[in-house]
Amino acid sequence: MFVTCVVDAVTPETGVAAVRLLEAAGCAVEFPEAQTCCGQPAVSAGEPEAATRLARHFVEVFDGYDAVVVPSGSCAAMVHHWYERLLPPEWAERVHALSTRTYELSQYLVDVIGQMDLGARVDTRVTVHDSCHGLRNLGIRDQPRALLAQAGAAIVEMEEPETCCGFGGSFSLIHGEVAGPLADAKLRHAAATGAECVVACDQACLLHLEGRRRRTGIGPAPVHVADLLASGLP
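With the working numbering, letter number 116 in the sequence shown gets 201, and the count goes up by one each step, no holes.
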């Protein structure tokens, strides 16, 4: 399990939920304590040297595991799409091998081990936000919906589920005049469905939406797919 910075620092319960789901699927989960950051914030901030150090450390920590599972499409996408660019050619073989074994949580459960029925039962009306990196870099769209439907959730599609929520890492800090309205539009679309919660696979997107929800009072509660499914486990 690579837990990610945001989950570790802000919502550690999401990491625990992800482990519970993996264990319910029959996986033996290890949490390497030497793990740090994937390097994505450094890349976004224009600091490739820092990102390279973090990428090298990530490879050294997770090399040798059968799979690296991440409750974040954006962090998994970082490993897939940046590490071979950042690290020198002599690392290429190790980086490529590790990137092919690194998966976002719902992607791993559905596409890799084929475990959609985890024993969770969730009697909830939900709408799904398709986070940018997971959708566009990794092709994650149907996987969280499959897990939710198998658990009994009623999925109601919002208008423009694939449109950005406005977070974009440091983008939301630098360009608040764009990020805020994007989040507000996403929350209005989610509210129009009558869903009890808006679900996504990236905690940072959900925190951004929750911040705007607190200010405007609009929209259902943003919830990570791992938290919702784990809440329905026996």
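Beta carbons: idealized from backbone N, C-alpha and C, even for Gly. Only a predicted model underlies this, so the values are computations on that prediction, with no experimental measurement involved.
> Among 177, 249, 255 and 265, which residue has its Cα nearest to the Cα of residue 300?
Replying inline: Nearest option by C-alpha distance: 265.
>> In the DSSP output, which residue or residues are listed as bridge partners for residue 307?
In response: DSSP lists 283 as partners of residue 307.
> Do the CB positions of residue 308 and residue 294 come within less than 8 Å of each other?
Replying inline: Cβ distance not < 8 Å, so residue 308 and residue 294 don't count as in contact.
> Can you tell me where the beta strand (DSSP E) with residue 301 in it begins and where it stops?
Replying inline: No beta strand (DSSP E) contains residue 301, which is instead part of the alpha helix (DSSP H) from 288 to 301.
> According to DSSP, is residue 114 helix, strand or coil?
Replying inline: When secondary structure is reduced to three states using DSSP, residue 114 falls in the coil class, being assigned neither helix nor strand.
> So residue 99 packs on residue 311, CB below 8 Å; how close in whole Å?
Replying inline: That pair is a contact at about 6 Å.
> In angstroms, rounded to a whole number, what distance separates the CA positions of residue 182 and residue 176?
Replying inline: Each residue's alpha carbon lies about 10 Å from the other.
>> Buried or exposed, going by whether 16 or more other CB atoms sit within 10 Å of the CB of residue 189?
In response: With a threshold of 16 other beta carbon atoms within 10 Å, residue 189 meets it and is buried.
> Is the Cβ-Cβ distance between residue 305 and residue 276 less than 8 Å?
Replying inline: Yes, the Cβ-Cβ distance between residue 305 and residue 276 is below 8 Å.
> Given residue 255, which residues of its chain have a CB within under 8 Å of its CB, disregarding the five upstream and five downstream residues?
Replying inline: Answer for residue 255: 126, 129 and 130, listed in chain order.
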